[in-house]
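Have a look at the structure below, then the notes.
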Amino acid sequence: MRGAMDRIGMGREALAPYAVDHRKTRGRFYAEAESPTRTAYQRDRDRIVHTTAFRRLKHKTQVFVATEADHYRTRLTHTIEVSQIARAFARALRLDEDLTEAIALVHDFGHPPFGHAGERTLDRAMAAYGGFDHNAQSLRIVTALERRYAEFDGLNLAWETLEGLVKHNGPLTGPHAKEPDLPKPIADFDALFTLDLGTFASLEAQAAAISDDIAYNTHDLDDGLRAGLIHLDDLRELSLAGSILNEIESRYPAIEPSRLANEIMRRHITRMVEDVIETTLANIAEAGIVSVEDVRGAGRTVVDFSTEMRSAVDETRHFLFSRVYRAPSVMEKMEAAEGVVARLFERLLRCPQDLPSEWGVQMDRLGSDKKARRVADYLSGMTDTYALREYGRLFDDLSALG
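Okay, so the sequence shown: first residue is 0 according to numbering that gives the first Met the number 0, each after it adds one.
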């Protein structure tokens, strides 16, 4: 392991030849003069952080709804954790850190209120109108829905940032696509500004994607412990968390439970991060990757876990599904949340006069598909707290989630 790890960067070395070079960006949808003080990707990161969509993540559910307690992760804290891990990968692999960070910060923009429960509900409601996908919604937000600039809608992000946003989990078309259907918002934008949907994304985007896995696999264990859905002894059945638990108890037999839990979580992240760095360096060498185009044409994900770690990650994910995500108390809240989103969608589609004035303007002139998409755009931008407040206003019910 040390031979590979001796080659990692610490943020002060030149970028690797397979890193994205900001000087060779493919540009923006709307031509803009480059900044004299920031690279294209620094500029993108700054634009992302200053959006309304970024601020809204503070009050959007990760696993536990915002009304339950103050210490659970939200979409915003999750996003910050993903960004932190992704930057570590960028430094170690000598990638463009600003591009990596920008993709990590924007990756969850499209999530509606109440986490995956809200997304499932909107997808069902939009089934006749092209469906709903949070990744596609993120693209809509940064290309159309954020309206901050005098000369264009959206953020006018660089091509490489948009590519990373839509393809960080892999190609969307061709033999390597994981899903059979291409979300309509992505297809529509690609027809105007092609993002090469059949190729793999940059290592920067892949680093952001695997950081998402590492973050939620760890912090959902932590939040599950906080919620009392699982206990420290339950972690013994997991190969990764269990081995770390035994190691800490052996070295610190009198450690208090709160410190023990924190030690497990920080080492949990470290083990996965170090495994990914070592595995990725080996993958780069094995594939003979010397350029970003080699990465896009590699035919596989390059930034990855080892086979052994992937098995441990999958084991943890299955544990979380059975013990946390599908716990009766969580399911009860999520079912109630689905009802809130479903009733709001039906009401606003039927009565567009209930929309805020800027959203309801000229709704009577739109076709059914565009009407439904506008309602979905509005609902997906809601925070949990705003959705509950609007539900209370429209249905005179302030106790929708108990």
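We put the CB at the ideal spot given by N, CA and C, even for glycine.
Please read these numbers as outputs of a predicted model, since none were measured by experiment.
Per DSSP, what kind of secondary structure is residue i in: helix, strand or coil?
i	result
Ala-30	coil
Thr-73	strand
Thr-382	coil
Thr-36	coil
Thr-193	coil
Thr-198	coil
Gly-223	helix
Pro-355	coil
Ile-276	helix
Asp-313	helix
Asn-261	helix
Tyr-215	helix
Asn-168	coil
Met-333	helix
Pro-184	helix
Lys-369	helix
Pro-256	helix
Since I believe residue j is in contact with residue i (beta carbons under 8 Å), could you give me their beta-carbon distance rounded to a whole number of angstroms?
i	j	result
Thr-99	Glu-203	4 Å
Asp-293	Tyr-71	Rounded, the Cβ-Cβ distance is 41 Å, inconsistent with contact.
Ala-149	Ala-39	Not really, about 20 Å apart at Cβ, beyond 8 Å.
Lys-183	Gly-129	4 Å
Ala-375	Leu-220	Not really, about 32 Å apart at Cβ, beyond 8 Å.
Leu-94	Leu-14	7 Å
His-77	Ala-214	6 Å
Gly-173	Gly-197	4 Å
Gly-153	Glu-159	Not really, about 16 Å apart at Cβ, beyond 8 Å.
Lys-369	Leu-348	Contact flag wrong, Cβ pair sits at about 11 Å.
Ala-85	Ser-210	4 Å
Ile-268	Ile-247	So it is not a contact: roughly 14 Å between Cβ atoms.
Trp-358	Tyr-377	5 Å
Ala-87	Val-272	6 Å
For residue i, which residues does DSSP report across the bridge?
i	result
Arg-120	In the sequence as displayed, the identity of residue 120 is Thr instead of Arg. Beta-bridge pairing links Thr-120 to no other residue.
Ala-157	Arg-27
Thr-60	Thr-73
For residue i, which option in the options has the closest C-alpha, if you only look at C-alpha atoms?
i	options	result
Asp-195	Ile-213, Leu-161, Gly-109 and Ala-253	Leu-161
Thr-217	Gly-109, Asp-189 and Glu-314	Glu-314
Arg-123	Glu-307, Arg-342 and Thr-384	Arg-342
Lys-177	Ser-82, Thr-300, Tyr-390 and Tyr-251	Thr-300
Ile-97	Phe-113, Asp-45, Asp-274 and Arg-250	Note that residue 97 is Asp in the sequence shown, not Ile. Comparing Cα-Cα distances from Asp-97 to each of Phe-113, Asp-45, Asp-274 and Arg-250, the minimum goes to Asp-45.
Asn-134	Asn-168, Ala-127 and Phe-151	Asn-168
Phe-199	Leu-164, Met-381, Thr-51 and Ile-263	Leu-164
Ser-82	Gly-338, Ser-328, Phe-192 and Val-48	Val-48
Ala-126	Tyr-377, Ser-367, Ala-386 and Asp-395	Ser-367
Phe-394	Gln-361, Val-340 and Met-381	Val-340
Could you say if the region 302–316 and the region 261–281 meet the contact criterion of at least three C-beta pairs nearer than 8 Å? yes
When the Cβ atoms of the region 107–116 are set against those of the region 138–146, are three or more pairs found closer than 8 Å? yes
Between the region 312–330 and the region 223–238, can you find at least three pairs of beta-carbon atoms closer than 8 Å? yes
Kindly confirm or deny that the region 185–193 and the region 235–245 touch, where touching means at least three C-beta pairs closer than 8 Å. no
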